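Structure first, commentary second.
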Amino acid sequence: MGKKLLTENINVPGIETFEVYRKNGGYASVEKALKTMTPDEVTEEVKKSGLRGRGGAGFPAGMKWSFLDRKSEKPRYLVCNADESEPGTFKDRYLMEKMPHLLVEGMITGSYALGAKTSYIYIRGEYMYIVRILEKAIDEAYAAGFLGQNILGTGYSLDLYVHPGAGAYICGEETALLESLEGKRGNPRLKPPFPAVAGLYAAPTVVNNVETIAAVVPIVNLGGDEYAKTGIGKSTGTKLISASGHINKPGIYEIELGLPVEEFIYSDEYCGGIWKGRKMKAVVAGGSSVPILPADLILKTAKGEQRLMTYESLADGGFVSGTMLGSGGFIVYDETACIVRNLWTFARFYHHESCGQCSPCREGTGWMEKVLHRIEHGHGHSGDIDLLVDVAKKIEGNTICPLGDAAAWPVASAIRHFREEFEYHVKYPEKVKNPKHFEVEPFVSEKKLEAVGA
Amino acid sequence: MPEKTEKMEEIKFSEQSLALVNRIIKRYPEGRQKSALLPVLHVAQAEFNGWLSPPVMDYVASLLSIKPVEVYEVASFYSMYNLEPVGTCLIEVCQTGPCWLRGSDDIVAHLENKLNIKVGETTADGMFTLKTVECLGSCGTAPMLQCGAKYHENLTTDKVDALVEDLRSANVRSTYMK
Ligand SMILES: Cc1cc2nc3c(=O)[nH]c(=O)nc-3n(C[C@H](O)[C@H](O)[C@H](O)COP(=O)(O)O)c2cc1C
Ligand code: SF4
Ligand code: FES
Chain C
284 MGKKLLTENI NVPGIETFEV YRKNGGYASV EKALKTMTPD EVTEEVKKSG
334 LRGRGGAGFP AGMKWSFLDR KSEKPRYLVC NADESEPGTF KDRYLMEKMP
384 HLLVEGMITG SYALGAKTSY IYIRGEYMYI VRILEKAIDE AYAAGFLGQN
434 ILGTGYSLDL YVHPGAGAYI CGEETALLES LEGKRGNPRL KPPFPAVAGL
484 YAAPTVVNNV ETIAAVVPIV NLGGDEYAKT GIGKSTGTKL ISASGHINKP
534 GIYEIELGLP VEEFIYSDEY CGGIWKGRKM KAVVAGGSSV PILPADLILK
584 TAKGEQRLMT YESLADGGFV SGTMLGSGGF IVYDETACIV RNLWTFARFY
634 HHESCGQCSP CREGTGWMEK VLHRIEHGHG HSGDIDLLVD VAKKIEGNTI
684 CPLGDAAAWP VASAIRHFRE EFEYHVKYPE KVKNPKHFEV EPFVSEKKLE
734 AVGA
Chain G
43 MPEKTEKMEE IKFSEQSLAL VNRIIKRYPE GRQKSALLPV LHVAQAEFNG
93 WLSPPVMDYV ASLLSIKPVE VYEVASFYSM YNLEPVGTCL IEVCQTGPCW
143 LRGSDDIVAH LENKLNIKVG ETTADGMFTL KTVECLGSCG TAPMLQCGAK
193 YHENLTTDKV DALVEDLRSA NVRSTYMK
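Shown next, in the form of structure tokens:
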């Protein structure tokens, strides 16, 4: 069994209540930080831990905290990003639903380190039932003296609120999130200025993912150095992986960073192998935005080394033969899955979610969706595949926020690794008109097709 | 189905909702009451028949002391706000990659057949509206759908049948608030 730093007690009955959570060692980090450490010392431990942002980009959390403008006269804010909308990602939901106090505890300790007096949890509107769970936990924390005025008699005061969104993936982008929290459309802001200088209400703000904030709890409890002993190299600690798709045991797994990908997919402790006794075809390892990899490249790097669940190992080979850990949304495809149809669902998603501020993203995502729709439905033209590559290239790097890149990368990588499948669609339209085709029959490659004289 | 022509003077939150709205406004600093807009629109949609009519949006604007257009531009941006009337029960089926891999197409087709409507339509009796939505953060328990605040996961066509019957006999408006 791997070491668990966040979810060890998640199945303890009643852990969602203050009483049981506290009995199991909960809120120790608040006591330790507020009573025995200065705010800067807490930040220092987070730096030492090597913790990297768990929302997708993997930016070192301690460094982000140290960028916060501490000289400003304005109030400072810690905002938790619980927008979780990246397809394939559902770990924050699990954590908040099962262990709401872990997030509340992390918010208190984190807010203390940053000197915030008011903090917000921005949660996607669809998770409204979790808003209730979090609000109940927050009420309990107030009642126990862990929130509000003069917490535990230390003189530190904090108010914590939950703010629901209303259905918009783009509000997961941190500046769009702040706009949304100000009651506006979720249009990402031009950076700089970064939120650390001008964030919520133009005041210094840190935005962190749910899992990042939760990880502050074991970091403060154990000390940064001790936390950093888990994991490998610059990938320290544990990570929640959301596993979905064609596996025997979809679900959420807390893994020690450094676990071999092969073990994660095939061992019974984790995904339990591919369902229905089938073979694995491909994996999207970090949420829909990261490049898809074929089975051989997800298990081993191009150099033939075993691929590990770390930021570095998954990225090995760059975008030619590697991918990213991203948000940890691990989607597995068996040999019957149609890569074109999957990509079309992703393209439709990004088109739907583009905020529309930049033309390359607004128009480009629409074109990609349209072209993929026609390829998938048997109306593809011979130049369509190159057209897709061209559109993706023109979006990448030319937009205000990374949603444009997030839309382009899956397209570029799917064509890079599975071009044959796209060509097959264009060449044999009558075979792909039935969308079920690829689900009932393992994908027939060009070569196999020639062999049977088609 | 509710009439589209509600009159402004009829629109007023219940005392309970008004108290909730005032609590929500207090979460934000003085002068930043516009921050309350998204949560208050959720309250409004739940209270006024599941959708945001222009008079309802104007009412919310007046409560928050902002311009009506500031409400319209927000209400039209976010997918959870309905700008047209919807059936008593709004059924939203996730259709993104991970759900598709586990059979969301079958769930959508089954619902279309059963309710005798296409995606985006409302049944003639005003009972059900069927929508498809993008990833709801439930991919490990796919296929799934949302109705009101409730997630229905690991769906099969049998489960869908049972759900539709339950919803029909309960005949309660679905809202995200409950
Ligand atoms: C289009 C888009 C969507 C995003 N969605 C999320 C999200 O749902 N949750 C999240 O934590 N970060 C999301 N991010 C990343 C945030 O912008 C930000 O980097 C993150 O919240 C920082 O927290 P971390 O450093 O703790 O990871 C998204 C970024 C982009 C560009
Ligand atoms: S890249 Fe897309 S989502 Fe991001 S700001 Fe531009 S249009 Fe909006
Ligand atoms: S893809 Fe349906 S819930 Fe994520």
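Sequence order for the protein chains is C and G. For what it's worth, the working numbering labels the leading residue of the first sequence as 284, then goes sequentially. For what it's worth, the working numbering labels the leading residue of the second sequence as 43, then goes sequentially. The C-beta atom is built at its ideal place from N, Cα and C for all residues, glycine as well. Only a predicted model underlies this, so the values are computations on that prediction, with no experimental measurement involved.
Check	Outcome
Which chain C residues are close to residue 119/G, counting only those with a beta carbon under 7 Å from its beta carbon?	451, 468 and 469
DSSP three-state label for residue 636/C, please.	helix
I believe residue 447/C touches residue 414/C by the beta-carbon criterion, under 8 Å. Please report the beta-carbon distance rounded to the nearest angstrom.	5 Å
CA-CA distance, residue 59/G and residue 344/C?	39 Å
Whose Cβ in chain C lies nearer than 8 Å to the Cβ of residue 218/G?	408, 409 and 411
Below 8 Å on C-beta distance, what does residue 701/C contact in chain G?	Correct list: empty, because the minimum Cβ distance to chain G is about 14 Å.
Regarding residue 471/C and ligand 2, is the C-beta to nearest heavy atom distance less than 7 Å?	yes
Output the residues surrounding ligand 2, defined as those with a CB atom closer than 6 Å to any ligand heavy atom, in chain order.	453/C, 471/C, 637/C, 638/C, 639/C, 640/C, 641/C, 644/C, 645/C, 682/C, 683/C, 684/C, 686/C and 687/C
Starting from the beta carbon of residue 80/G, find every residue of chain C whose beta carbon is closer than 8 Å, and list them in chain order.	408, 446, 447, 448, 449, 463 and 466
Beta strand (DSSP E) containing residue 411/C: first to last residue?	First-last for residue 411/C: 411-426, but that is the alpha helix (DSSP H), not the beta strand (DSSP E).
Output yes if chain G places a C-beta closer than 8 Å to the C-beta of residue 553/C; else output no.	no
Touching or not, the segment 488-505 of chain C and the segment 449-464 of chain C, by the rule of three or more beta carbon pairs under 8 Å?	yes
With DSSP as the reference, please indicate the residues paired to residue 503/C in a beta bridge.	In DSSP, residue 503/C forms no bridge with anything.
Going along the chain, which residues of its own chain have a beta-carbon closer than 6 Å to the beta-carbon of residue 394/C, five neighbours each way excluded?	361, 402 and 441
Under the rule that 16 or more other beta-carbon atoms within 10 Å means buried, what is residue 550/C, buried or exposed?	exposed
Closer than 9 Å by beta-carbon distance: list the chain A residues that pair up with residue 533/C, in chain order.	Within the model displayed, chain A is absent; protein chains C and G are what it includes.
Of all the CB atoms in chain C, is at least one closer than 8 Å to the CB of residue 191/G?	yes
Listed from N- to C-terminal order along the chain, which residues in the segment 146-171 of chain G have their beta-carbon within a distance smaller than 8 Å of any beta-carbon of chain C?	147
Check whether the Cβ of residue 340/C lies closer than 7 Å to any heavy atom of ligand 1, and answer yes or no.	yes
Between which two residues does the beta strand (DSSP E) harbouring residue 318/C extend?	Unbroken run through residue 318/C is the alpha helix (DSSP H), 311-319; no beta strand (DSSP E).
With 8 Å set as the bound, which would you pick, yes or no: does the beta-carbon of residue 77/G sit closer than that to a beta-carbon of chain C?	yes
So residue 292/C is in the beta strand (DSSP E); what residue range does that whole segment cover?	Segment: none, residue 292/C is in no beta strand (DSSP E) and carries neither H nor E.
In whole angstroms, what is the alpha-carbon distance linking residue 396/C and residue 308/C?	20 Å
If you follow the beta strand (DSSP E) that residue 265/C is in, where does it begin and where does it stop?	A query on residue 265/C cannot be resolved here, the shown segment of chain C reaching from 284 to 737 and no further.
Is there a Cβ of chain G sitting closer than 8 Å to that of residue 286/C, yes or no?	no
Have a look at 173/G, 117/G and 87/G and flag the residue whose alpha-carbon is nearest the alpha-carbon of residue 137/G.	173/G
Hey, quick one: how far does the beta strand (DSSP E) through residue 136/G stretch, first residue to last?	131-136
Please identify the residue among 209/G, 123/G and 214/G whose C-alpha is closest to the C-alpha of residue 85/G.	123/G
So is the beta-carbon of residue 689/C under 7 Å away from any non-hydrogen atom of ligand 3?	no
Along the chain, where does the beta strand (DSSP E) that runs through residue 356/C open and close?	No beta strand (DSSP E) contains residue 356/C, which DSSP labels as neither H nor E.
Can you have a look at residue 150/G and say buried or exposed, based on whether 16 or more other CB atoms are within 10 angstroms of its CB?	buried
Would you call residue 529/C buried or exposed, if buried means 16 or more other Cβ atoms sit within 10 Å of its Cβ?	buried
Comparing the C-beta of residue 632/C with each C-beta of chain G, is any distance below 8 Å?	yes
Measure from the alpha carbon of residue 299/C to the alpha carbon of each residue in 399/C, 416/C and 695/C, then state which is nearest.	416/C
So which of 370/C, 356/C and 322/C has the shortest CA-CA distance to residue 572/C?	370/C
Cβ-heavy atom distance between residue 355/C and ligand 3 below 7 Å?	no
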